[in-house]
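Numbering (the numbering used here), first residue to last: 1 to 149.
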Amino acid sequence: DVIYLTRVQRERFRTHAEYEAAAGSYAIKKAMLDKAKKDALIMHPLPRVDELDYRIDRDRRAAYFRQAGNGVPIRMALSALLLGAEDPGPGTHPPETHATAVNTPPGLVCLNERCVTRNEPYLTPRFVSVAGHEEAIQCAYCDREVPQP
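Structure follows, in structure tokens:
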């Protein structure tokens, strides 16, 4: 099963009062997940407003950060498909790189001003080292390279 939610779109309401009346009624709280299946996925296109409890981020069913992370490659693949681009065939794709989490030194922050970790105070910055480039680390959320301290 999949639980998919989006923000209540303020721009769709005629008045602020109508928006306020609807906004809280579609929120998912951590306690609600006790009734959900243990293998359900929770998806959301991000960014969120107040419809998705931050405590859900640590739930193993939360898939929205992976969903957001795969958004660009999926859109690129769909664009290529719609434009009639051909797959060059097997063996022509670049090798996959696997990110490895690194211990984050205290006080290290992502340098990208628009990174979710800079705008959502509940998030702890996380950084990864990419295989083949052990000297460099990058933000696990936005992929911005950050100088090693």
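In this text, a Cβ means the ideal position worked out from N, Cα and C, and glycines have one as well.
What span of residues does the beta strand (DSSP E) with residue i cover, start to end?
i    : result
V2   : 2–4
V128 : 127–130
Near residue i, which residues of its chain fall below 7 angstroms by C-beta distance, leaving aside the five closest residues on each side in sequence?
i    : result
A63  : L41, I42, M43
V128 : A99, T100, A101, V102, I137, Q138, A140
V2   : A40, L41, M43
K37  : D1
Identify the continuous alpha helix (DSSP H) that holds residue i and give its terminal residues.
i    : result
V116 : 116–119
Cα separation between residue i and residue j?
i    : j    : result
L81  : Q67  : 20 angstroms
P147 : I137 : 7 angstroms
A21  : Q9   : 12 angstroms
P149 : V72  : 29 angstroms
F65  : T117 : 12 angstroms
P45  : P106 : 30 angstroms
R55  : G84  : 42 angstroms
I74  : G132 : 24 angstroms
When you compare each of the options to residue i by their alpha carbons, which one comes out closest?
i    : options               : result
R153 : I74, D34, A85         : Here the chain covers residues 1 to 149 and nothing more, so residue 153 does not appear.
A27  : D53, R14, F13         : D53
E120 : V49, A17, Y4, L78     : V49
L5   : S25, E145, L108       : S25
E51  : N70, K29, R58, L108   : K29
P47  : L108, R114, R126, A77 : R114
L108 : G69, A31, R144, S79   : R144
L123 : R75, A77, C110, M32   : C110
Please work out which residues of its chain come closer than 6 angstroms, Cβ to Cβ, to residue i, disregarding the five sequence neighbours upstream and downstream, and give them in chain order.
i   : result
A23 : V8
Y19 : R10, F13
Taking only heavy atoms of the ligand HEM into account, decide whether any of them is closer than 7 angstroms to the Cβ of residue i.
i   : result
I28 : You won't find the ligand HEM in this model; it holds no ligand whatsoever.
Given residue i, which residues of its chain have a CB within under 8 angstroms of its CB, disregarding the five upstream and five downstream residues?
i   : result
N70 : none
To test your reading of the DSSP string, which unbroken alpha helix (DSSP H) runs of 4 or more residues are found completely within the stretch 11–97?
Listed in chain order, they are 16–23, 64–69, 71–82.
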